[in-house]
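Structure first, then comments.
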Amino acid sequence: MLVIEAKLKGTRSQYSKLDEAIRTGQFIRNSCLRYWEDNKGVSRNDLQKLCSKLAKNKETPWAGKLNSQARQAHADRAWAAISRFYENCRLGKQGLKGYPTYKKFNRSLEYKNTGWALSADRKQITFTDGFKAGTFELWTSRDLVWYSEKQIKRVRVIRRADGYYAQFLIDWNRQETHEFKGEIVGIDLGLKEFYTDSNGETVNNPRYLRKSEARLKKLQRRTSRRHIKGKKQSKRYHKARKALAKQHLKISRQRKDKAVKDALALVKSKDLIVYEDLKIQNMVKNHHLAKSISDASWYQFTQWLHYFAKIHGTIVIAVPPHNTTIDCSVCGAKVQKTLSTRTHQCGECKTVLDRDMNAARNILSKGLKLLAGYLNGTEGHSETDPFMGERSGTA
Numbered sequence: 014m015l016v017i018e019a020k021l022k023g024t025r026s027q028y029s030k031l032d033e034a035i036r037t038g039q040f041i042r043n044s045c046l047r048y049w050e051d052n053k054g055v056s057r058n059d060l061q062k063l064c065s066k067l068a069k070n071k072e073t074p075w076a077g078k079l080n081s082q083a084r085q086a087h088a089d090r091a092w093a094a095i096s097r098f099y100e101n102c103r104l105g106k107q108g109l110k111g112y113p114t115y116k117k118f119n120r121s122l123e124y125k126n127t128g129w130a131l132s133a134d135r136k137q138i139t140f141t142d143g144f145k146a147g148t149f150e151l152w153t154s155r156d157l158v159w160y161s162e163k164q165i166k167r168v169r170v171i172r173r174a175d176g177y178y179a180q181f182l183i184d185w186n187r188q189e190t191h192e193f194k195g196e197i198v199g200i201d202l203g204l205k206e207f208y209t210d211s212n213g214e215t216v217n218n219p220r221y222l223r224k225s226e227a228r229l230k231k232l233q234r235r236t237s238r239r240h241i242k243g244k245k246q247s248k249r250y251h252k253a254r255k256a257l258a259k260q261h262l263k264i265s266r267q268r269k270d271k272a273v274k275d276a277l278a279l280v281k282s283k284d285l286i287v288y289e290d291l292k293i294q295n296m297v298k299n300h301h302l303a304k305s306i307s308d309a310s311w312y313q314f315t316q317w318l319h320y321f322a323k324i325h326g327t328i329v330i331a332v333p334p335h336n337t338t339i340d341c342s343v344c345g346a347k348v349q350k351t352l353s354t355r356t357h358q359c360g361e362c363k364t365v366l367d368r369d370m371n372a373a374r375n376i377l378s379k380g381l382k383l384l385a386g387y388l389n390g391t392e393g394h395s396e397t398d399p400f401m402g403e404r405s406g407t408a
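In our numbering, the protein residues as written are 14 to 408.
Set out below in structure tokens:
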């Protein structure tokens with residue numbers, strides 16, 4: 014599946030109609046969730062039927078304006094949250110099970126095959142449901158003219174801090190050629206350096222959030238000063254709020270751009286990549302490191318790593334991180350270290366290495382053992398498939 018994003022250029026009245034459609038989609042989803050809570054044995058089909066009832070109900074006339082397939086898409090969103098909760102309960106997941114919650118500030122709307130139409134040159138889109146948002150210009154660096162409307166499975170409208178966007182989900186099997194050279198590498202994700210590989214090469218950690226903290230604090234103070242509790246907010250407040258949101262959006266885009274470029278460069282240059290499967294959700298519970306861990310955006314990087322590995326036909330393996338820092342990569346002896354210790358010094362074999370490079374070599378060794386066991390049929394199948402890069406990469 015290929016996703017192409019384009020900015021929607023229209024008038025203020027058109028944007029307000031898109032807002033109405035988005036709020037209606039939120040109402041549909043929340044209504045489906047309430048129906049599930051009030052009735053036992055509710056199925057996905059029952060939620061689909063509820064959409065039709067809401068559209069015909071005289072008390073909710075606005076629901077009928079939304080395209081029927083868009084209503085069904087929001088019912089599917091509600092059911093996805095419900096089924097995920099059931100799955101977590103069935104598997105006995107530790108901690109919170111992810112009970113479905115009501116949405117208060119929904120920012121997206123999803124159409125399937127109807128409710129929209131593209132112009133012949135694919136540079137304009139018209140929304141044809143009851144809200145009559147009209148025709149918008151599409152601003153994008155990707156040309157949609159190469160894809161037919163049958164290939165576009167869904168159109169998602171997203172409201173962001175800097176405007177409205179349309180995402181086109183296209184049925185396209187993307188494959189890239191890869192020149193195999195037998196290059197293998199293990200990478201150790203870190204905070205000082207974004208990652209260090211088993212060859213000693215490093216990629217710097219840009220720390221986008223840290224660099225923007227002064228600007229964010231200034232915008233946050235300005236927004237707080239202009240907020241009046243219990244009263245309707247002024248235009249000055251909303252102006253400050255939007256400026257703050259745009260700064261956060263800029264940081265988010267910087268992280269994504271960095272993750273995409275680093276992952277693509279690594280996949281293009283290597284044939285086998287091994288990384289440690291860090292439990293980031295648990296790591297951010299450390300309040301001293303939570304901000305730095307979130308700023309590094311390791312999870313986003315590994316997701317793009319799997320995606321590019323799939324389309325390039327290479328292998329990405331995730332291995333458990335246990336003892337990768339402590340073990341000596343040469344003799345296997347245990348060498349205890351604190352977070353401030355940046356050099357690995359083995360008392361057994363007298364090896365002296367950078368701490369992260371030693372960990373990267375241990376990670377590579379674990380990955381090769383896991384791969385050998387998998388190929389020989391001696392490695393059992395775990396709940397998380399370590400080879401999901403070549404089978405189920407996601408963007």
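Glycine residues also receive a C-beta, built at the ideal position from the N, C-alpha and C atoms. If you're wondering where the values come from, they're calculated on a predicted model, not measured in any experiment.
Considering only the beta carbon of each residue, do residue i and residue j sit closer than 9 angstroms?
i, j, result
"Glu150", "Leu31", "no"
"Gln180", "Asn126", "no"
"Ile138", "Val168", "yes"
"Leu285", "Ile328", "yes"
"Ala19", "Thr114", "no"
"Ile165", "Asp134", "no"
"Ala256", "Arg235", "yes"
"Val343", "Ile197", "no"
"Leu67", "Ile95", "no"
"Tyr160", "Phe140", "no"
"Leu79", "Ala34", "yes"
"Leu60", "Trp75", "no"
"His191", "Gly326", "yes"
Residues in the same chain with beta-carbon distance under 7 angstroms from residue i, minus the five sequence neighbours each way, listed in chain order, please.
i, result
"Gln27", "Ala146, Gly147 and Phe149"
"Thr407", "Bear in mind that a pLDDT of 39 at Thr407, under 50, signals an unreliable position, so the model cannot answer this."
"Met401", "Because Met401 carries a pLDDT of 47, less than 50, the predicted location of this residue cannot be relied on, and no value is offered for it."
"Ser307", "Val297"
"Arg187", "Leu15 and Ile324"
"Arg374", "Gly199, Ser211 and Ser342"
"Lys248", "none"
"Ser282", "Glu196"
Classify residue i as helix, strand or coil using the three-state DSSP reduction.
i, result
"Leu79", "coil"
"Asn217", "strand"
"Gln358", "strand"
"Ile339", "coil"
"Val280", "helix"
"Val297", "coil"
"Asp210", "strand"
"Phe140", "strand"
"Glu18", "strand"
"Gln180", "strand"
"Thr148", "strand"
"Ser121", "strand"
"Lys30", "helix"
"Ala303", "helix"
"Leu109", "coil"
"Ala372", "helix"
"Arg57", "helix"
"Ala130", "strand"
"Gly38", "helix"
"Gly326", "coil"
"Arg169", "strand"
So, under 8 angstroms CB-CB, residue i and residue j are touching, yes? Tell me the CB distance rounded to an integer number of Å.
i, j, result
"Val332", "Ile376", "6 angstroms"
"Gly143", "His87", "About 15 angstroms; that fails the 8 angstroms criterion."
"Leu229", "Ala309", "About 17 angstroms separates the two Cβ atoms, so there is no contact after all."
"Gly199", "Gly360", "At roughly 24 angstroms, the Cβ-Cβ gap does not stay under 8 angstroms, so Gly199 and Gly360 are not in contact."
"Ile330", "Leu279", "The pair is not a contact, with the Cβ atoms about 13 angstroms apart (cut-off 8 angstroms)."
"Glu289", "Leu388", "Actually they are not in contact, since the Cβ atoms of Glu289 and Leu388 sit about 21 angstroms apart, beyond 8 angstroms."
"Arg268", "Gln313", "6 angstroms"
"Ser211", "Ile264", "That pair is no contact at about 31 angstroms."
"Asp367", "Thr356", "7 angstroms"
"Asn58", "Lys116", "22 angstroms between Cβ atoms; not a contact."
"Asp369", "Leu262", "Between Leu262 and Asp369 the Cβ distance is about 31 angstroms, and since that is not below 8 angstroms, they are no contact."
"Ala372", "Thr338", "5 angstroms"
"Lys271", "Pro219", "6 angstroms"
"Leu46", "Ala91", "5 angstroms"
Tell me which same chain residues have a C-beta within less than 8 angstroms of the C-beta of residue i, skipping the five on either side of it?
i, result
"Arg36", "Asn119"
"Gly108", "none"
"Gln358", "Val348, Thr364 and Val365"
"Asn217", "Glu206 and Phe207"
"Tyr250", "Thr236, Arg239, His240 and Ile241"
"Ser378", "Gly199 and Ser342"
Can you determine whether any heavy atom of the ligand MG sits closer than 8 angstroms to the C-beta of residue i, and answer yes or no?
i, result
"Glu192", "Questions concerning the ligand MG fall outside what the structure shown contains, since it holds no ligand whatsoever."
Using C-beta distances below 6 angstroms, list every residue in its chain close to residue i, excluding the 5 sequence neighbours before and after it, in chain order.
i, result
"Tyr178", "Glu18, Lys20 and Ile171"
"Lys136", "Leu151"
"Thr209", "Asp201, Thr215, Asp369, Met370 and Ala373"
"Asn101", "Lys110 and Gly111"
For a cutoff of 9 angstroms on Cβ pairs, would you count residue i as touching chain B?
i, result
"Cys341", "Any reference to chain B falls outside this structure, which holds one protein chain only."
Any chance you could list the alpha helix (DSSP H) runs of at least 4 consecutive residues sitting entirely within the region 221-291, in chain order? 221-239 and 248-282
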